[in-house]
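For reference, the structure is listed below as structure tokens.
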Amino acid sequence: MITSSKTKAPPPVILTEAATFIGIDYHKKYSVWHAVDAAGCDLGKGRIEHHSPHDFATLVKRWPNPRVVFEATMNWYWLYEVLERSMPAARIMLANPFKTRIIAEAQVKTDKIDARILALLLRAGLVSSVHIPCKETRLRKEVLRQRCFFVRQRTMLRNRIHRLLGAQHDLKLPQCSDLFGKRGMSFLEKLKLPTPAGLLLKQQLEMLKNVQARIKEDEAALAQMMSTTAAQQHVQSIPGMGPILAAVVVTEIDLISRFHSAQKLCGYIGLCPSTSSSGGKTYNGKLMRHCNKWLRWAFVEAAWVAMGCDSYFGDLYQKKRAAGKKANTAILCVARRMARITWQLLTEGREYQNIPPAQTAKPRRAAKPKQTFPSRSNCTLVGC
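Numbering (full-length UniProt numbering), first residue to last: 1 to 384.
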């Protein structure tokens, strides 16, 4: 049997006070934990069922100076709030699962191994953490995202009703600006269509009313949960940003100090194309996948409105279109410009000012007099 004389070097240790590092592999119904000390030696491991949350308090009080890490998966709020009751929030770290590649790419992957790897990464200071908003911000996010979900459902129902009515070629619709307004809904409720179109129309109208009622309930809840802050007023001053979109932007960004530049914010939103550069050649690809999709949706929606109601953003859109960009690509350029402006406004704490560009064009130089030469016919050559 051939053995190698090479031994694996222990992971680097951050010199700090004696601490216990606990990695938790969080699941829907249970969690698996693994604890190591500052030297990397195993202290214990186990499993906690989620119907006994007091076991987490017992776990963190078992060793002095504990530090906990777990990945930002679905419903991570619950585990964070349970741990926050038993230990300082500064000692709880939320890991970015997309950057914990040692777990995602492992060939042997179990809950126990994942929990131990998280503990060792925390001990070595190699955990890529994500921002943890306060509880009030987390609750506002839930309500805002729920409202956005219902708005998408409403759009789907309206499209289905339009398709159903479009199949009735002999149907004459009323002359109104909004088919789903007061006059249009009155017409649709009295409309008689052949079977089964009549039944489908009735069901979709009932669902549409139900969804609209849920949207109003969420808006009433938002009015009670959040007041119009200075940051929201600054964002809402940008053309195309209404109260709901401004609330989404401010809530999802949370703290503008997290982003050191406007480019960092655009990357977080996902408005920058992916770039691959090698051998002196650079390729720009699609938009980045891992981003805050709610923020990207909000800025794209606002860009479509701003393009039609503001001359500055409208000229930017037309300039990109004239350069050969497609409509969706051009609107992304407008959304990216709005994101950069948002970072500037929130950083400086001021509202948007639509200032026309200064007349900085350089004066034209005086045209030089053209040098004239005598024509060939009038030219007298020596020796002729």
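Even for Gly, the Cβ is constructed at its ideal location relative to N, Cα and C.
Item, Value
"So what's H131 in DSSP terms, helix, strand or just coil?", "coil"
"Using a 10 Å radius around the Cβ and a threshold of 16 neighbouring Cβ atoms, would you call E81 buried or exposed?", "exposed"
"Could you give the distance in angstroms between the alpha-carbon of E219 and the alpha-carbon of I331?", "28 Å"
"When the distance is taken between beta carbons, is T20 closer than 8 Å to residue 392?", "Since the first residue of the chain shown is 1 and the last is 384, residue 392 is not available in this structure."
"Enumerate in chain order the residues of its own chain whose CB-to-CB distance from M226 is below 6 Å, with the five nearest sequence positions on each side excluded.", "R140"
"To the nearest angstrom, how far is the alpha carbon of K61 from that of S86?", "8 Å"
"Going by alpha carbons, who is nearest to H169 out of A197, C41, E206?", "A197"
"Roughly how many angstroms lie between the CA atoms of C148 and I117, to the nearest whole one?", "37 Å"
"From G184 to M156, what distance separates their C-alpha atoms?", "18 Å"
"What residue ranges within the UniProt domain \"Transposase IS116/IS110/IS902 C-terminal\" (233-318) form continuous beta strand (DSSP E) runs of no fewer than 3 residues, ordered along the chain?", "273-278, 281-287"
"Please report the distance separating the alpha-carbon of E325 from that of Q318.", "The sequence shown places Lys at residue 325, rather than the Glu named in the question. About 9 Å."
"Roughly how many angstroms lie between the CA atoms of S257 and I341, to the nearest whole one?", "15 Å"
"Where are the alpha helix (DSSP H) runs, 4 residues long or more, that stay fully inside the stretch 161-219, in chain order?", "182-190"
"Relative to the C-alpha of A339, which residue among I22, Y30, F299 is closest?", "F299"
"Using a Cβ-Cβ cut-off of 7 Å (strictly less than) and excluding sequence neighbours within five positions of S311, which residues of its own chain qualify?", "none"
"Beta-carbon separation of W63 and A115 under 8 Å?", "no"
"Where D111 and F313 are concerned, what is the direct C-alpha to C-alpha distance, given to the nearest angstrom?", "51 Å"
"Extract the residue ranges of the beta strand (DSSP E) inside the UniProt domain \"Transposase IS110-like N-terminal\" (22-165), only unbroken runs of 3 or more that lie entirely within it.", "30-36, 42-49, 66-71, 92-95"
"Below 7 Å CB to CB, which residues in the same chain sit around L200 once its five sequence neighbours on both sides are set aside?", "L164"
"My output table needs one value for T229: the three-state DSSP class, helix, strand or coil.", "coil"
"To the nearest angstrom, how far is the alpha carbon of R350 from that of P239?", "15 Å"
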